[in-house]
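K.L.:
I have a structure I would like to understand better, so I am pasting it below and will then ask my questions one at a time.
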Amino acid sequence: MIRTRWFELQPDMAAYTAAWVLAVAWALAHLWFKRREYQTAYRGYFAFLLAPWKLGFFVLATALITWMAPYTTDPTWDRIDAPLMAVLAYLSAAWALGVLYRWRHTPPAHLAVAACLWMLSASWCYDGYLLFRDGMYPITWWSNILASSVLYIIVGLVWNLDVRPGRGATFAFLEPQWLIPPAPGVTWRIVAWMLPFALLGAASLAYFVDW
């Protein structure tokens, strides 16, 4: 049974919650009102993101973590927040990591949006959902920021993996032309570079499984 008792929030957590809700609202409003600016600056992002190997790996990984969520030792992880965090990471991690790395050439507002999307995926959607589900702010909120940020970075790095002619395997955000679709025929070469990151992420998640 879902119960929401907002009065259980401590004053400091109420202020923190209000701050991140406003930050997310600002970021979404900025993205909407400046959408043409973003479309021009990051043209090709969704074609870059929807490469078949990325989409296939995302679907497989999300299905796995959604299935395993109830079998972990973490009671805050269930079949709602697990896929929610995964979807948000898939949509934003590659871009957020890229613009933060390229910060010298990125408008400050874009950096702020990237930081908000990072926190929304790694923390705030989790916090908000558990507040709604349990009626109190999760005591794991701080440890979750650290753990989920590691996974967010892994996702951002994996989605930016690419093989460029004359360059070999690289992270796309290191290249002058960042957001371009992968060249044909590079999928299996990318998989070899992706495996260490996938194993690291799997090991991080396996720690919480109730074996």
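Okay, so the sequence shown: first residue is 7 according to the numbering used here, each after it adds one. In this text, a Cβ means the ideal position worked out from N, Cα and C, and glycines have one as well. These figures come from a predicted structure and were not determined experimentally.
1. The beta strand (DSSP E) with phenylalanine 177 in it runs from where to where?
2. For the structure I just gave you, are there three or more beta carbon pairs, one from the segment 35 to 45 and one from the segment 156 to 164, closer than 8 Å?
3. Going by C-alpha distance, which of Tyr107, His116, Trp124 is nearest serine 220?
4. Would leucine 103 be called buried (16 or more neighbouring beta carbons within 10 Å of its own) or exposed?
5. Helix, strand or coil for aspartate 18? Go by DSSP, reduced to three states.
6. In or out: tryptophan 217 buried (at least 16 other Cβ within 10 Å) or exposed?
7. Return the residue from the list Leu90, Trp130, Arg139 that minimises the CA-CA distance to tryptophan 148.
8. Would DSSP call arginine 9 helix, strand or coil?
9. What's the C-alpha gap between valine 30 and leucine 126?
10. Compare the beta carbon distance of alanine 153 and aspartate 168 with 8 Å and say whether it is the shorter of the two.
11. What does a CB cutoff of less than 8 Å around glycine 50 pick up in its chain, not counting 5 residues either side in sequence?
12. Short of 8 Å in beta carbon distance, which residues of its chain neighbour glutamate 181, apart from the five on each side in sequence? Order them along the chain.
13. Under DSSP, the alpha helix (DSSP H) around arginine 170 begins and ends at which residues?
14. Locate the alpha helix (DSSP H) running through glutamine 45, then write down its first and last residues.
15. Does DSSP put threonine 68 in a helix, a strand or coil?
16. Which residues mark the beginning and the end of the alpha helix (DSSP H) in which alanine 75 is found?
17. Compute the Euclidean distance between the alpha carbons of leucine 66 and leucine 90, then round it to the nearest angstrom.
P.N.:
Taking the structure as given:
1. 174 to 177
2. no
3. Limits of the chain in this structure are 7 at one end and 217 at the other, which puts residue 220 out of reach.
4. buried
5. helix
6. In this prediction, tryptophan 217 scores a pLDDT of 46, lower than 50, which makes its location untrustworthy; the coordinate-derived value is nonetheless stated afterwards. Looking at its Cβ environment, which holds fewer than 16 other Cβ atoms inside 10 Å, tryptophan 217 is exposed.
7. Trp130
8. Confidence at arginine 9 is low in this model, with a pLDDT of 48, below 50, so the placement of that residue is unreliable and no value is reported for it.
9. 7 Å
10. no
11. Leu185, Ile186, Pro187
12. Asp168, Arg170, Arg173
13. Unbroken run through arginine 170 is the beta strand (DSSP E), 167 to 170; no alpha helix (DSSP H).
14. 41 to 47
15. helix
16. Alanine 75 -> no alpha helix (DSSP H), and no H or E assigned at all.
17. 15 Å
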